[in-house]
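Trainee: Have a look at this one.
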Amino acid sequence: MFQKVLIANRGEIAVRIIRACKQMGIETVAIYSNADKDSLHVQIADESVCVGGEKSAESYLNMENIITAAISKGVEAIHPGFGFLSENSNFSNLCAECGIRFIGPSGNVIDKMGNKSKAREIMIEAGVPVVPGSNGALSSIDDARNLAVKIGFPVLIKASAGGGGRGMRVAYNIDEFNNAYETAKSEAVNAFGDGTMYLEKYIINPKHIEFQILADKYGNVIHLGERDCSIQRRNQKVIEEAPSLIDKELRDKMGEIAILASKTVNYENAGTIEFLVSGKDFYFIEMNTRIQVEHPVTEMITGIDIVKEQIKIAAGKELSIKQEDVVINGHSIECRINAEDPKFDFRPSPGKVGLLHVPSGHGIRFDSFIYTGYQIPPFYDSMLGKVIVHADNRAEAILKMRATLEELVIDGVKTNQDFCYMILNHSDYIKGSFDTGFIVKAIDNLLGYDQYE
Ligand code: MV4
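Quick note on numbering: the sequence shown equals residues 5 to 457 in this note's numbering.
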């Protein structure tokens with residue numbers, strides 16, 4: 005096992021990874037920006053190195069400084085967390101060239117799945133169901149429009165370098181096509197420096213269901229069941245749960261396909277296969293080659309520590325869990341708590357944390373990095389942490405999450421805590437009749453209660 009690991013991240017996920025390392029007897033090196041010297045991850049790590057300025061580009065994305073820190077501290081591995089350099093194939097390769105284990109897949113695998121049209125092409129070849137659309141990348145706007153006519157409107161034009169909803173446009177009919185295509189393409193060129201586009205039939209209000217995968221260096225691949233991540237606002241997930249409401253037959257089928265998808269690219273480490281689900285139909289859309297924000301709901305229902313598994317896999321250990329050992333137990337829900345003001349279009353609300361009361365008890369977890377008196381810097385993501393509950397079944401998990409949100413106090417900043425609470429009380433959410441269109445449909449109701457007056 006590694007003796008020392010550098011955590012190339014900040015916030016809640018850096019804290020989560022440092023805790024896992026400590027519990028495994030591994031020494032930890034935190035990195036931080038000028039804006040983060042008082043951050044919790046710096047305080048709980050054994051050692052820390054400042055890697056640059058407050059802007060992410062100067063610090064958490066500064067590969068040279070991070071590698072230099074890793075070498076000077078003598079670490080054997082780097083955990084990238086999520087965001088920042090976690091899906092950067094150059095960084096994974098750079099680690100390898102410097103003799104440092106990247107706790108994640110190789111640059112080659114990140115490239116295959118990171119390019120969404122290439123991933124689509126590889127998945128079609130492997131027999132993984134995808135949304136009807138182009139066979140990989142589009143060659144010209146005219147070919148694209150002809151294909152759109154052939155598969156039928158509405159269609160969704162997506163950027164190969166995209167993901168998470170950027171560089172995407174819907175065309176509802178042929179008259180909208182050229183404009184949608186050009187807009188999506190120029191957005192992609194601006195955002196990613198890559199205007200490669202592909203096309204899919206637009207599935208209206210699907211469920212977003214993703215499978216958690218673990219794969220070791222020896223070709224062993226298992227899945228840990230799925231999460232429903234349909235409760236999103238502007239491509240940002242708000243509430244996730246596991247398991248989803250699909251039946252066992254569909255779960256087994258999708259799980260097998262998720263394993264096939266991973267094996268096809270010789271995947272290694274933890275990964276997520278994202279599907280759109282509409283009725284009994286399911287379609288692969290993307291793979292995420294990193295640990296995800298919502299990994300705790302899977303941990304709660306399987307009892308498996310996914311971050312520890314990532315570290316063991318990177319250290320060359322064979323998976324000790326077989327598929328038949330994975331048992332889904334009860335139900336888990338996660339609410340992301342963001343420093344934002346729902347009353348003003350969810351604008352970021354950084355500030356100083358005042359009174360903080362964190363609920364606790366059986367099956368209640370708060371993954372966060374805030375503490376009383378902590379000044380939340382304005383330069384990064386607005387997520388303060390995640391409230392996660394686990395109960396015997398979904399109805400009890402909903403009750404438990406409501407009780408937990410009622411008790412949680414974060415003074416000093418505006419948060420979306422009450423917004424989450426409103427969702428937990430919405431009849432469609434309670435019934436389980438929700439999809440990716442839920443928040444758009446329910447937003448007026450969700451914002452219309454007394455606490456927002
Ligand atoms: C889609 C789709 C409908 N049809 N693809 C949005 C983020 C990116 N990961 C993929 N996304 C979507 N792709 C086809 N062919 C609808 C979405 C989508 C969505 C997906 C998952 C969760 C929330 C969403 C909200 C709006 C749109």
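Every residue gets a Cβ at the ideal spot worked out from N, C-alpha and C, and that includes glycine.
Given a threshold of 16 other Cβ atoms within 10 Å of its Cβ, counted over all protein chains shown, does Thr-200 qualify as buried or as exposed?
Mentor: That one is buried.
Trainee: In angstroms, rounded to a whole number, what distance separates the CA positions of Ala-184 and Thr-276?
Mentor: If you take the alpha carbons of Ala-184 and Thr-276, they lie about 29 Å apart.
Trainee: Less than 7 Å separating the Cβ of Ser-76 from some heavy atom of the ligand MV4?
Mentor: No, the Cβ of Ser-76 stays beyond 7 Å of every heavy atom of the ligand MV4.
Trainee: Applying the criterion that 16 or more other CB atoms from any shown protein chain within 10 Å of the CB defines a buried residue, is Thr-419 buried or exposed?
Mentor: That one is buried.
Trainee: Which same chain residues end up closer than 6 Å to Glu-244 when comparing Cβ atoms and leaving out the 5 residues on each side of it in sequence?
Mentor: Hits under 6 Å: Arg-231, Cys-233, Glu-298, Val-301 and Glu-338.
Trainee: Is it buried or exposed, Asn-13, if we count other Cβ atoms within 10 angstroms and call 16 or more buried?
Mentor: That one is buried.
Trainee: Would Ile-213 and Val-153 be called neighbours here (beta carbons separated by less than 8 Å)?
Mentor: Contact flag unset, no.
Trainee: Could you tell me the distance, in whole angstroms, from the CA atom of Glu-80 to the CA atom of Asn-119?
Mentor: Computed Cα separation, rounded: 29 Å.
Trainee: Entirely within the stretch 96-125 and at least 4 residues each: give me those alpha helix (DSSP H) ranges in chain order.
Mentor: Listed in chain order, the complete alpha helix (DSSP H) runs (minimum 4 residues) inside the stretch 96-125 are 111-118.
Trainee: Can you tell which of Asp-415, Asn-397, Cys-424 and Gln-379 has the C-alpha that lies nearest to the C-alpha of Lys-390?
Mentor: Answer by Cα proximity: Cys-424.
Trainee: Among the residues of its own chain, which have a CB less than 6 Å from the CB of Tyr-456, if the five just before and after it don't count?
Mentor: Because the pLDDT of Tyr-456 is 48, which lies under 50, any placement of that residue in the model is unreliable, and the number read from its coordinates should be weighed accordingly. Around Tyr-456: Lys-347.
Trainee: Kindly identify the DSSP beta-bridge partner or partners of Pro-352.
Mentor: BP columns for Pro-352 point to Glu-344.
Trainee: From which residue to which residue does the beta strand (DSSP E) around Lys-8 run?
Mentor: Unbroken beta strand (DSSP E) run through Lys-8: 8-11.
Trainee: Under three-state DSSP, which class holds Asn-333?
Mentor: Three-state result, Asn-333: coil.
Trainee: Does the ligand MV4 have even one heavy atom less than 7 Å from the beta-carbon of Gly-156?
Mentor: Flag unset: Cβ of Gly-156 not near the ligand MV4.
Trainee: Grab me the residues of Val-269's own chain with a C-beta within less than 7 Å of its C-beta, minus the 5 sequence neighbours each way, in chain order.
Mentor: Only Val-113, Lys-116, Met-117 and Ile-126 meet the Cβ criterion.
Trainee: In chain order, what are the residues with a CB under 5 Å from some non-hydrogen atom of the ligand ATP?
Mentor: This structure lacks the ligand ATP; its bound ligands are the ligand MV4.
Trainee: Would Val-134 and Leu-264 qualify as a contact pair, given that the criterion is a beta-carbon distance under 8 Å?
Mentor: No, the pair does not count as a contact, with Cβ atoms beyond the cut-off.
Trainee: Within this structure, are the beta carbons of Ala-401 and Val-413 separated by less than 8 Å?
Mentor: Their beta carbons are not under 8 Å apart, which means Ala-401 does not touch Val-413 by this criterion.
Trainee: What are the partner residues of Met-291, as DSSP defines its beta bridges?
Mentor: According to DSSP, Met-291 bridges with Ile-277.
Trainee: In the DSSP output, which residue or residues are listed as bridge partners for Gln-216?
Mentor: For Gln-216, which the question treats as bridged, DSSP gives the partners Thr-276.
Trainee: Report the option in Ala-446, Phe-383 and Asn-449 whose CA atom is closest to the CA atom of Gly-57.
Mentor: When only C-alpha atoms are compared, the closest one is Phe-383.
Trainee: Looking only at its own chain, which residues have a Cβ that is under 6 Å from the Cβ of Pro-136, when we skip the five neighbours before and after it?
Mentor: Answer for Pro-136: Ile-155 and Lys-205, listed in chain order.
Trainee: Could you pull out every residue in the same chain whose Cβ sits closer than 8 Å to the Cβ of Glu-411, ignoring the five residues on either side in sequence?
Mentor: So the list reads His-361 and Pro-363, once near-sequence residues are dropped.
Trainee: Per DSSP, what kind of secondary structure is Gln-314 in: helix, strand or coil?
Mentor: It is helical.
Trainee: Count the CB pairs spanning the stretch 283-297 and the stretch 317-329 that are closer than 8 Å, and state whether there are at least three.
Mentor: No: fewer than three Cβ pairs fall under 8 Å.
Trainee: Could you give the residue range of the beta strand (DSSP E) that holds Thr-32?
Mentor: Taken as a continuous stretch (DSSP letters only), the beta strand (DSSP E) holding Thr-32 covers 31-37.
Trainee: Can you check whether the CB of Lys-77 is closer than 8 Å to the CB of Lys-8?
Mentor: Yes, the pair counts as a contact, with Cβ atoms nearer than the cut-off.
Trainee: Nearest-angstrom Cα distance between Ala-262 and Asn-150?
Mentor: Roughly 31 Å between the two C-alpha positions.
Trainee: Buried or exposed: Asp-439, going by 16 or more other Cβ atoms within 10 Å of its Cβ?
Mentor: Classification for Asp-439: buried.
Trainee: Can you check whether the CB of Pro-84 is closer than 8 Å to the CB of Gly-108?
Mentor: Cβ atoms of Gly-108 and Pro-84: closer than 8 Å.
Trainee: In three-state terms, what does DSSP make of His-366?
Mentor: Reduced to three states, the DSSP call for His-366 is coil.
Trainee: Can you tell me whether Glu-91 is buried or exposed? The criterion is at least 16 other CB atoms within 10 Å of its CB, across all chains shown.
Mentor: Buried, because 16 or more other Cβ atoms sit within 10 Å of the Cβ of Glu-91.
Trainee: In whole angstroms, what separates the C-alpha of Asp-415 from that of Ala-319?
Mentor: So the two alpha carbons sit approximately 42 Å from each other.
Trainee: Just confirm the distance between the C-beta atoms of Lys-241 and Arg-340, as a whole number of angstroms; I'd bet it's less than 8 Å.
Mentor: The pair is a contact, with the Cβ atoms about 7 Å apart (cut-off 8 Å).
Trainee: Hey, Gln-236 and Ile-443: beta-carbon distance below 8 Å or not?
Mentor: Cβ atoms of Gln-236 and Ile-443: closer than 8 Å.
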